[in-house]
Every structure is written in structure tokens, then in C-alpha cells.
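Number of protein chains: 2
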Amino acid sequence: MVGKSEPGVVTLREVAEVAGVHPSTVSRALNPATSHRVSKAVVRRISETAERLGYRANLVAASLRTGRSHLIGILVPDIANTVFSPILSGASERLAAEGYLTVVADVPDGGRQLDLARSLVARQVEGLLLAAVTRDDPLVDYCIAQRLPAVLVNRSEARRRLSSVVSDDALGMQLAVDHLMDLGHRAIAQIGGPESTSTGYNRHRGFLAAIAARGLAPEAAPCESAEAYAREAGQAAAHRLLEAHPEITAFVAANDLLALGCYDALKARGLRCPADVSVVGHNDMPLVDLVAPPLTTVRISHREMGWEAADLLLQGMRDPSASTRTLVLAPQLVVRDSTARPRTAARRRGAG
Amino acid sequence: MVGKSEPGVVTLREVAEVAGVHPSTVSRALNPATSHRVSKAVVRRISETAERLGYRANLVAASLRTGRSHLIGILVPDIANTVFSPILSGASERLAAEGYLTVVADVPDGGRQLDLARSLVARQVEGLLLAAVTRDDPLVDYCIAQRLPAVLVNRSEARRRLSSVVSDDALGMQLAVDHLMDLGHRAIAQIGGPESTSTGYNRHRGFLAAIAARGLAPEAAPCESAEAYAREAGQAAAHRLLEAHPEITAFVAANDLLALGCYDALKARGLRCPADVSVVGHNDMPLVDLVAPPLTTVRISHREMGWEAADLLLQGMRDPSASTRTLVLAPQLVVRDSTARPRTAARRRGAG
DNA sequence: GGAATTTGTGCAACCGTTTGCACAATCAAG
DNA sequence: CTTGATTGTGCAAACGGTTGCACAAATTCC
Numbered sequence: 000m001v002g003k004s005e006p007g008v009v010t011l012r013e014v015a016e017v018a019g020v021h022p023s024t025v026s027r028a029l030n031p032a033t034s035h036r037v038s039k040a041v042v043r044r045i046s047e048t049a050e051r052l053g054y055r056a057n058l059v060a061a062s063l064r065t066g067r068s069h070l071i072g073i074l075v076p077d078i079a080n081t082v083f084s085p086i087l088s089g090a091s092e093r094l095a096a097e098g099y100l101t102v103v104a105d106v107p108d109g110g111r112q113l114d115l116a117r118s119l120v121a122r123q124v125e126g127l128l129l130a131a132v133t134r135d136d137p138l139v140d141y142c143i144a145q146r147l148p149a150v151l152v153n154r155s156e157a158r159r160r161l162s163s164v165v166s167d168d169a170l171g172m173q174l175a176v177d178h179l180m181d182l183g184h185r186a187i188a189q190i191g192g193p194e195s196t197s198t199g200y201n202r203h204r205g206f207l208a209a210i211a212a213r214g215l216a217p218e219a220a221p222c223e224s225a226e227a228y229a230r231e232a233g234q235a236a237a238h239r240l241l242e243a244h245p246e247i248t249a250f251v252a253a254n255d256l257l258a259l260g261c262y263d264a265l266k267a268r269g270l271r272c273p274a275d276v277s278v279v280g281h282n283d284m285p286l287v288d289l290v291a292p293p294l295t296t297v298r299i300s301h302r303e304m305g306w307e308a309a310d311l312l313l314q315g316m317r318d319p320s321a322s323t324r325t326l327v328l329a330p331q332l333v334v335r336d337s338t339a340r341p342r343t344a345a346r347r348r349g350a351g
Numbered sequence: 000m001v002g003k004s005e006p007g008v009v010t011l012r013e014v015a016e017v018a019g020v021h022p023s024t025v026s027r028a029l030n031p032a033t034s035h036r037v038s039k040a041v042v043r044r045i046s047e048t049a050e051r052l053g054y055r056a057n058l059v060a061a062s063l064r065t066g067r068s069h070l071i072g073i074l075v076p077d078i079a080n081t082v083f084s085p086i087l088s089g090a091s092e093r094l095a096a097e098g099y100l101t102v103v104a105d106v107p108d109g110g111r112q113l114d115l116a117r118s119l120v121a122r123q124v125e126g127l128l129l130a131a132v133t134r135d136d137p138l139v140d141y142c143i144a145q146r147l148p149a150v151l152v153n154r155s156e157a158r159r160r161l162s163s164v165v166s167d168d169a170l171g172m173q174l175a176v177d178h179l180m181d182l183g184h185r186a187i188a189q190i191g192g193p194e195s196t197s198t199g200y201n202r203h204r205g206f207l208a209a210i211a212a213r214g215l216a217p218e219a220a221p222c223e224s225a226e227a228y229a230r231e232a233g234q235a236a237a238h239r240l241l242e243a244h245p246e247i248t249a250f251v252a253a254n255d256l257l258a259l260g261c262y263d264a265l266k267a268r269g270l271r272c273p274a275d276v277s278v279v280g281h282n283d284m285p286l287v288d289l290v291a292p293p294l295t296t297v298r299i300s301h302r303e304m305g306w307e308a309a310d311l312l313l314q315g316m317r318d319p320s321a322s323t324r325t326l327v328l329a330p331q332l333v334v335r336d337s338t339a340r341p342r343t344a345a346r347r348r349g350a351g
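First to last, the sequence lines map onto chains A and B. Counted from 1, the first sequence has number 31 at position 32 by numbering that gives the first Met the number 0; the numbering is strictly sequential. Counted from 1, the second sequence has number 274 at position 275 by numbering that gives the first Met the number 0; the numbering is strictly sequential.
Below you can see the structure in the form of C-alpha cells.
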């Protein structure tokens, strides 16, 4: 016989019995939304009894009855990735304010996402925050088919069928490119992220657009995309670029880890940063201000991103007919020491 | 009328009706643990029907009946802190393997921990992983009083009333001190963490013990504890120590962030690391291999820690009478470039 | 080939709340 | 002092599964 929970756990019924009222009255008295329907005196008696007995409502039972779990699921590709921590933190702050708790599912970017989502749905989560989608993700189809409120964070989906909160990737790239060109760079390469992610895709296009806007020929701006947002992948891409285009004086990376991989490649080739080659990252993740040299990067406020996504999700839950919205946060360029005038420009300037 | 979940959500009863059997039979057929009690043919028919109708069990309902939520709560002081991400990651990996999902509560180290814990209990979590306890924490009393399986991670409690998984702080300090003394340092200061945390307390004592074991006089090993595990606090403590003991040639920090704060203080005073002063950190958090200079530190495998804690929790849940255990993980010294021979020793060596 | 056992399915209670409805008591209005 | 509205409480049926028990049918055993 299961279900007979540990003795000592007080139920609503017991409180009712001790207080000498009907269970429904206890329920009403203890629920702030309905306690006005019970006389003051009884409310007090019940509250006292509940307190004395150490009564704690069983939210699982309440969930079953009301159909509301007050649980939100968050799918992240890698909790250990420092980018997601602030997103999580911001989201859970916003959700906690409304009485929601977050169930975190760390899903190793393989094909298990859908399983996880299903498992969360089985647990009656009321909404989903998705931080791990690709540009064309079956997860999105799933949420739509299930009419499950969901919001994308950090990455968006090609068809914009769900609300999302993202950084303005085009602007980020423009900031990076403008900064480098203002310094005098004229041979700028991009290390892009995986094209399957919106960030990889958009930052790549943003880079090209920024280059074109400044009138630089595409040949002067070669691109390579890394297979993953990882240091090793960045290093490999940087090597490929330097091999094919030795004239490069600056790198724009789609992500800080890629930028750090770029550092590795430069070091391996005996090139100094920023003296020989400048590097710009993206995200401004913790500690990149301390690496050598401190990384110039495009800052994204991931905490705010998480907060806003949670907020959007709450809105969507309240009003399922609300239109899907894309909230675009403006990134900010943080100039540190990994960018400087290119040697040629410096020389030219010295000569002029 | 709530509780009438969205139309289109298939229930057990509907599956039963379509398959022409009793709901209880469907329940048994779909549960791997009981499906052997149903004939092969019927199991298949039911499975097909369920599949066809897109049936998804409502785990909330199941929880209510069985008293098992398959939910584990994790209390962390700060999700955004990069130390906790791998703990979370390791724990959720282990728990997911047993069908448990994790509910993360990010609790800002104030007094709300108990509230959060209560809220998790109300949601019928089956166990708690506590990564945010102090050496004498009311949360521990609460878990014991509630007979709630709980395991401490990263930090332990003075009275060892709950199982915990921690790093061997004494050993960590010994590794750090031995390394520095082997290099020739004889004036080593410690920047400790908050004494209210077991890590702060134990690392401080470990440091003193290691110093004593090598026969160094306590006067040659001054200590300061930082108010928090934060860069600024480390910087302040380093300044205090350098002010009072200008002869210091090496710092042992209780945590990497404190060590990085120490870098800040050295820089502010025009001292070079490691040329003038060596620094050893603790944790080996992500990216400290890239800061300038790459940090020599005591590595703790936080991911493993989280995994083991989850494992211990599962054991404790299976057998509530099991004795509490303390699992001590051995840390490892990772030597990078922030430690070197002290100038005096180098000079002496050069002269000899 | 009849008794003893096993197998497969149905029945109904139960987990702990919530809530629409009913109804008595109290109050306000005329 | 009736009539009508309001207030406070109880009743019982949910919510969607799970499971002990009962019992018919199929199987095994001697």
C-alpha cells in the first residue's frame, strides 16, 4: 500500500477535523483568494489550528484538481556553460516572483530534447523556456502542436512561430566591425558559430552586412564557421583562416569561447594580440576581462534576457491568444585590450 | 470550472474505452513494472491505442496516488556562480538516469532558504540537494525534523548530521603550501573565505596545519578572511595583508575568485605575479587557465561532486535508515604560471 | 478428470485538494 | 413582518491515475 504518506504528515482533512469544520472550509480559509468567503473568526481558528498542527498543503493534489502546476520547464543545452547560468538566474527570479518554480532539464544537444520536453509536459509544466533550439527545431513544432506556451531564449527560430528574446546580432557585428575599421583594419575575418543556430547564422550575415555597409570588399573579409561554440573549434577555424589569408589583421568571433580559441591559434603561430592581430569576442562572459589580453567583446545581458523571456512566457500563459513577439535586446561593445590599430596602419601613420 | 484540462488531452480512461478494457488494465499494461500481469495481446492492443491517441500519462495524478513525485530539489546560493553549474550538471545527470527531474531554487543566501525548502516540500520533492548551507544551518534541522532525505554538496555542516560530498580541504591546502614551500617560499599568507562556510573554516585550519607540518612559524603565515567569495573581497584582504606584512612572497587563496582579487591588489601596488608574489587559487573554475598569469590552483571536480551527491541522495532515499556518510573527494594541484620561486630564493640561488 | 494453482481482468476505493451547488442563517429593504 | 438578497458553511463530485481484492478462466498436477 503506497500513497499512505508518512505518518505525521498533516492533511487538510485533519485540520478540518481538529478545527471542527468541513475540509472545504479549511481549503477556502487558507486560500487568500477565497478566504473572504469565510467568517473572520473561523479563518483565524483554522489558521491557528493549521499552524499548530504544522499543516503544509500538498501542491501535487492541488495541481491535479486545478490543473495548474506552477512549474515551468527550462531546457538548456549545457548547464555547465557559463552563458546559461545568468539566463537561468534571471528567468528563475522573474518566475519565482509569480510563485513559479523552475524545472531544469540539461539536455546534451542530441536528439533527446523532445523526450525531455515530453517528460516535462507529463509533469504538467505550464510553460517552457527553450534555450537550446536550432533554427529549425522539431521542438518548436511540438510546442505548437501541444499548445504549450513556450518562449525561446538567446536563440530564435527561422519562422518566428514562437516568441523569443534574443540579442541584436546584426548590431553586435556592426559594433565589432565598426570598431575594428575605425582602428584602421581592412582585412577582417570572421569566426562564425554553427549555422544551425540562429546566433551562428545571424552573426554571420550581420558580419557580412556590416562589412558591406563600410564599403569593404567581401574578399577582404573571409569567414569560417566553427562546428561548435567551443574553444577548440575556434582555434581550428582561426588556423584555417590564417593559413588561407595571412594578411588578416583582425578577427571577429561569434562567441567568446571562439575568440579564446583564436588566442590559442595566434599563440601557436607566434603572433601577438593585439600587436599583430586584434580579436573581438561576443557575449562578455565572466572572466574574459581577466584573460590575457583582456578581451574586447560585444556584451549581451544574459540575465536580462532570461528575465524578459520569463516575463514573455508569463504573458503568453495568461493570454494564449497573444501574438508571438520577438524581443531584441541591444548589445554593447566593451573595448578592452585585445584590439588595437593594425601594424600596417600604425606604420602608415608613423610614416605620414 | 478548472481542472477540466484542455480538450484533446487524452486520459487513461479514454484509452481504456477505445481499447475496450478497464482503466486499471491500461494502467497495468503501460507500466513496465506491472505489464507482465496483463496478457501479451492486450498489452499490445493497449499500447497501440495509447500511441494512436497520443496518450501521455499525467504524472501529477500518479504522484498523488503513489506519493512519489520523482522530483528532487536543489538549493543553490547563486546559479550564476560558475562553481555551481557543474555541480548542477553532474547531479542532474545522475538523477535523470533514475528518472528524476530536478527543481532548481536559486536562493540569494539570505533567510529565504527555509521558505524555499518548504515550498519544495509542498511540491512533494523526494529529496533535497543543498549547495548553500553554512556550518550551522537551520535548513539542516528542518530536513532532519521533516525526515526529508537531503545531502550537502560542496559544503558540509559542523555536526555532520547529514550526508555530504566535499573536497578534502585540508589536503588542498597542504598541496598548495607544499608547492609554495618547495619553491622556496617562507612567508606565505592566506586569504580565507567566510568562516561561516565549511570551506572557509576548513581551508583556514588546513592552511595552518599545513604550515605547521612544514615547520614554518605561524608568524610567517598571516591570515585574513574575506567577507565573501568574491573578487572585491579578495582584493581587500590582499591589501590588508600586504600592508601589514610587506615581506609576503606568496598567497594561498581559499577560492579562485579571491585569488583573482589578489591579482587586482598586486597590480594596484605595482607588484608582479609571479615575479614578486606567487598566488595559488582553489577550485580551478573555467577560464582561470587563461587569465594572466594562468592561475596555479587546487582543482576540485565539481561535476563529480554533484554526481556523487545525487548518488548518495538516491541511496538515502532508498534506505532512509542508512547512516549518514561524508564523501571526501581528493583535490589535485594544477601548476600554472602564477607561482614561481620567490625573488629572495632566486637571488640566493643565483648567488650560491 | 477433478482439485489446486496460476493467470488475466474488472471493481472500487483512494491519494489530498478544490469548487459548483445547496441550504440555513443573517441581514437589508419596503 | 414579509420578501429578497447576502453571507457562511457543508456536501459531494471531481481531477487522473494506482492498486488490493475478488473472481472467472485457463492451466497444471496427480
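Cβ atoms here follow ideal geometry from the backbone N, Cα and C, with glycine treated the same way.
- Message: Give me the chain B residues within the contact set of A:D105, using Cβ-Cβ distance strictly less than 9 Å, ordered along the chain.
- Response: Within 9 Å Cβ-Cβ: L87, S88, S91, E92, A95 and T101.
- Item | Span separating the alpha-carbon of A:Y262 from that of A:R204 | Going from the Cα of A:Y262 to the Cα of A:R204 covers about 24 Å.
- Item | Separation of A:A229 from B:L215, as counted between CA atoms | Near 44 Å, if we compare the C-alpha coordinates of A:A229 and B:L215.
- Can you tell which of A:T24, A:G53, A:I45 and A:V42 has the C-alpha that lies nearest to the C-alpha of A:G7? Ranking the options by Cα distance to A:G7, first place goes to A:G53.
- Under a Cβ-count criterion, where at least 16 other Cβ atoms within 10 Å of its own Cβ denotes burial, should A:T198 be classed as buried or exposed? Buried, since its Cβ has 16 or more Cβ neighbours within 10 Å.
- Query: Within 8 Å (strictly less), CB to CB, does B:V362 reach chain A?
  - Reply: A query on residue 362 of chain B cannot be resolved here, the shown segment of chain B reaching from 0 to 351 and no further.
- Hey, how far is the Cα of B:S118 from the Cα of B:A79? Straight-line spacing of the CA atoms in B:S118 and B:A79 works out to 22 Å.
- Proximal residues of chain B, C-beta to C-beta of A:P285 below 7 Å: Result: T81.
- Query: If you compare alpha carbons, which of A:L94, A:G183 and A:F83 is closest to A:H301?
  - Reply: Nearest option by C-alpha distance: A:F83.
- For the alpha helix (DSSP H) containing B:V59, list its first residue and its last residue. B:V59 -> alpha helix (DSSP H) spans L58 to T65.
- Query: In whole angstroms, what separates the C-alpha of A:A350 from that of A:G183?
  - Reply: Any reading at A:A350 must be qualified, since the residue scores a pLDDT of 40, below 50, and its modelled position is unreliable; no value is offered.
- Message: For the stretch 6-38 of chain B, list every residue whose C-beta sits within 7 Å of some C-beta in chain A, in sequence order.
- Response: Hits within the stretch: zero.
- Message: Contact defined as beta carbons within less than 8 Å: I believe B:V103 pairs with B:L326. What is the distance between those atoms, to the nearest angstrom?
- Response: That pair is no contact at about 22 Å.
- Message: I need the DSSP call for A:Q145, collapsed to helix, strand or coil.
- Response: Note: A:Q145 maps to coil in three-state DSSP.
- Message: If the criterion is Cβ atoms closer than 8 Å, does the pair A:V392 and A:T48 meet it?
- Response: With chain A represented from 0 up to 351, any question about residue 392 of chain A goes unanswered, as that position is not in the structure.
- Query: Within 8 Å (strictly less), CB to CB, does B:L63 reach chain A?
  - Reply: Interface criterion met: the Cβ of B:L63 is under 8 Å from a Cβ in chain A.
- Query: Going by the CB atoms, is the gap between B:V279 and B:A175 shorter than 8 Å?
  - Reply: Contact annotation: B:A175 and B:V279 have beta-carbon atoms nearer than 8 Å.
- Task: Could you round the C-beta distance between A:L94 and A:A267 to whole angstroms and report it? I think they count as a contact, below 8 Å.
- Result: In fact, because the Cβ distance is near 45 Å, the residues do not count as touching under 8 Å.
- Message: Strictly by DSSP, which residues pair up with B:I187?
- Response: Paired residues: B:A249.
- 4 or more residues per run - each alpha helix (DSSP H) lying fully within the stretch 299-351 of chain B: If we require 4 residues or more, the alpha helix (DSSP H) runs fully inside the stretch 299-351 of chain B come out as 301-317 and 342-350.
- Message: List, from N- to C-terminal side, the beta strand (DSSP E) runs of 3 residues or more that fit wholly inside the stretch 117-179 of chain A.
- Response: As far as the stretch 117-179 of chain A is concerned, its whole beta strand (DSSP E) runs of at least 3 residues are 126-129, 149-152 and 162-166.
- Message: Pop quiz: A:V75 and A:A131 are said to be a contact at Cβ under 8 Å. What is the actual Cβ separation, rounded to whole angstroms?
- Response: 6 Å between Cβ atoms; contact.
- Query: Between B:A352 and B:I73, is the Cβ-Cβ spacing less than 8 Å?
  - Reply: Because chain B in this structure spans residues 0 to 351, residue 352 of chain B falls outside the shown range and cannot be described.
- Item | Coarse secondary structure for B:S195, derived from DSSP in three states | Note: B:S195 maps to coil in three-state DSSP.
- Item | 7 Å Cβ shell around A:V20 - same chain, five flanking residues per side excluded | The beta carbon of A:V20 is closer than 7 Å to those of V41 and I45 in its chain, skipping five residues each way along the sequence.
- Query: Going by other Cβ atoms of all chains shown within 10 Å of its Cβ, with 16 needed for buried, is B:E50 buried or exposed?
  - Reply: B:E50 is exposed by the Cβ-count criterion.
- Determine whether the Cβ of A:Q234 lies closer than 8 Å to any Cβ atom of chain B. It does not; no Cβ of chain B falls within 8 Å.
- Query: Would you call the CB atoms of B:A236 and B:E246 closer than 8 Å?
  - Reply: No Cβ-Cβ contact shorter than 8 Å links B:A236 with B:E246.
- Message: Rounding to the nearest angstrom, what Cα-Cα distance links B:E218 and B:W306 in this structure?
- Response: The alpha-carbon atoms of B:E218 and B:W306 are separated by roughly 41 Å.
- Name, please, each residue of chain B whose Cβ falls closer than 7 Å to the Cβ of A:N201. Chain B residues near A:N201: none, gap ~25 Å exceeds 7 Å.
- Query: In angstroms, rounded to a whole number, what distance separates the CA positions of B:L312 and A:H178?
  - Reply: Linking B:L312 to A:H178 through their CA atoms gives a straight-line distance of about 52 Å.
- When the cut-off is 8 Å and only beta carbons count, does B:Q123 lie next to chain A? Yes - at least one Cβ of chain A is within 8 Å of the one on B:Q123.
- Task: For A:V59, return the contacting residues in chain B, with the cut-off set at a CB-CB distance below 8 Å.
- Result: Chain B residues near A:V59: V59, S62, L63, S68, R122 and Q123.
- Would you say A:A56 reaches chain B, if we count a Cβ-Cβ gap shorter than 8 Å as a contact? With 8 Å as the cut-off, A:A56 counts as an interface residue toward chain B.
- Is the distance from the Cβ of A:G233 to the Cβ of A:R202 below 8 Å? No, they are not a contact pair.
- What in chain A is Cβ-close to B:I190, meaning under 9 Å? Under the 9 Å cutoff, chain A gives no residues; its nearest Cβ is about 17 Å from B:I190.
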